[in-house]
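Structure first, then comments.
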Amino acid sequence: MYRSLQPKKTKNKPRIAFFSFAILVLISFTLFPSLFHSFSSAANNIAMPFWNTGAAGGVSFSNTTLALNSKESLIAKNKELTETIKKLEGEVNGYDFVVQENLELKKLLFQKTEETLIATVVARPNITAYDTFLIDIGKNSGIKNGDKVLSGGNATLGVIEETYPYSAKARLFSTAGEISDALLGPDNIPVQLRGLGGGAFTAEVPHTMEVKRGDNAIVSGTPEYIIAEVVSVESGDTESFQKIYLRGPINIFNAKYVQVVKNAKR
Amino acid sequence: MHTEDPSPFKFYKRLVADFALLFSALFFPWWITLILIIIGAFFFENFYEAFFLGLFLDALYGTEAINFYGFRLFFATIGLFLVFFSSLLKKKVRFFS
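Those protein sequences? They're chains G and X, same order as listed. The numbering of the first sequence is our numbering, which starts it at 87 and goes up by one. The numbering of the second sequence is our numbering, which starts it at 7 and goes up by one.
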């Protein structure tokens, strides 16, 4: 067994210094949010190249068995994947066009002057501890705190919470405890959606209102944006309210691209 | 088991663990990183990295409006407690002495 021969006081000095420093950092970052924002910005700048490399290289931890494959099968797989990439590139171009067209039509329909940018999601829930998205565009692309984050042109996911020069953090409406006003179903029942985390919501509506599975909840004031879809309704005969469970319009755990509406009217 | 490794690889072991944790923070779900930090805190002596990594996680993923009345240094605080309590616990547990 190896025992340190250092006197206890000298041995504890680095520990005391560390704890003093750590507590000082915690207090400074809590009291001065701008200081933490600068630190956060620096951390994002460091992480972004790794995320971009990971996204470009398709970092996946299910591919470890590839190393054991034969050369021939790898070549065949490579060819097959190249073909798939070509096909998907064509589809993505088409998708961008459809999204752009969709937004143009909405612009005409609702007479809005909003510019939309397409962003890659570099970190999403499950990697992020909270319901937040990290996207690869930031201040330099002109986005600001409060800008809307959409998917597929009409699914609203959240708002931009923090911006850095080349990245931004978006807070999703499904964040645990987050309350969002919405209109539910064809009768436009006004409800308050409470985020449960992981893309799920809950709401309560009076027993007399008819709500069924598949009804959409739309954002109050912006009828073109869907915020969630009803997945189940719980109602007891003796209760005056029915509890509704909803999920976001897309699977946030594998979202790859989102649209950010610049200067969104809020 | 004793936590003070006298071998010349001690430093490298720790360095590899640190890089693995950083990689995990960027690409793996947060709870895997948290489990790795807890393992690191008990495997290495004075695992100060737990606090710094927690701070890094909070800086990357936390936002002001979320949870704990605006307090956003959740992982850093967990890291700090881990550094403190892991050393106390290691003194009490025969496995680490």
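Backbone N, C-alpha and C fix where the C-beta goes; we use that ideal spot for every residue, glycine too.
Residue i and residue j closer than 9 Å at C-beta
i: P251/G; j: N131/G; result: yes
i: E247/G; j: T218/G; result: yes
i: T39/X; j: L27/X; result: yes
i: L121/G; j: L66/X; result: no
i: S266/G; j: M134/G; result: no
i: P211/G; j: G281/G; result: no
i: A341/G; j: L243/G; result: yes
i: K234/G; j: V347/G; result: yes
i: Y343/G; j: V207/G; result: yes
Helix, strand or coil at residue i according to DSSP, with G and I counted as helix
i: A286/G; result: strand
i: V291/G; result: strand
i: K98/X; result: helix
i: G46/X; result: helix
i: F327/G; result: strand
i: E51/X; result: coil
i: L121/G; result: helix
i: A341/G; result: coil
i: V346/G; result: strand
i: D273/G; result: coil
i: K172/G; result: helix
i: A82/X; result: helix
i: E264/G; result: coil
i: G281/G; result: strand
i: K157/G; result: helix
i: T69/X; result: coil
i: I229/G; result: coil
i: S146/G; result: Legend: pLDDT at S146/G = 45, less than 50; position of this residue unreliable, value from coordinates given subsequently. It is coil, neither helix nor strand.
i: V245/G; result: strand
i: S237/G; result: strand
i: E320/G; result: strand
i: A129/G; result: helix
i: E201/G; result: strand
i: E166/G; result: helix
i: E187/G; result: helix
i: E310/G; result: strand
i: F87/X; result: helix
In DSSP terms, what residue i is bridged to
i: P251/G; result: Answer is none; P251/G lacks a bridge partner.
i: P335/G; result: None, per the DSSP bridge assignment.
i: A209/G; result: L220/G
i: N302/G; result: E315/G
i: K99/G; result: Per DSSP, none; premise fails for K99/G.
i: A256/G; result: F219/G, I246/G
i: T214/G; result: P211/G
Within chain B, partners of residue i - CB distance below 7 Å
i: F57/X; result: Looking for chain B here will not work: the only protein chains present are G and X.
- prompt: Counting pairs of beta carbons, one from the region 95-109 of chain G and one from the region 45-57 of chain X, are three or more of them closer than 8 Å?
  reply: The count of Cβ pairs closer than 8 Å, one atom from the region 95-109 of chain G and one from the region 45-57 of chain X, reaches three, so the stretches are in contact.
- Can you find at least 3 beta carbon pairs, one from the region 267-276 of chain G and one from the region 318-326 of chain G, that sit closer than 8 Å? As far as the Cβ criterion goes, the region 267-276 of chain G does not touch the region 318-326 of chain G, which means the pair count is below three.
(Q) Tell me whether the region 299-318 of chain G and the region 330-346 of chain G touch, counting them as touching only if at least three CB pairs, one residue from each stretch, are closer than 8 Å. (A) yes
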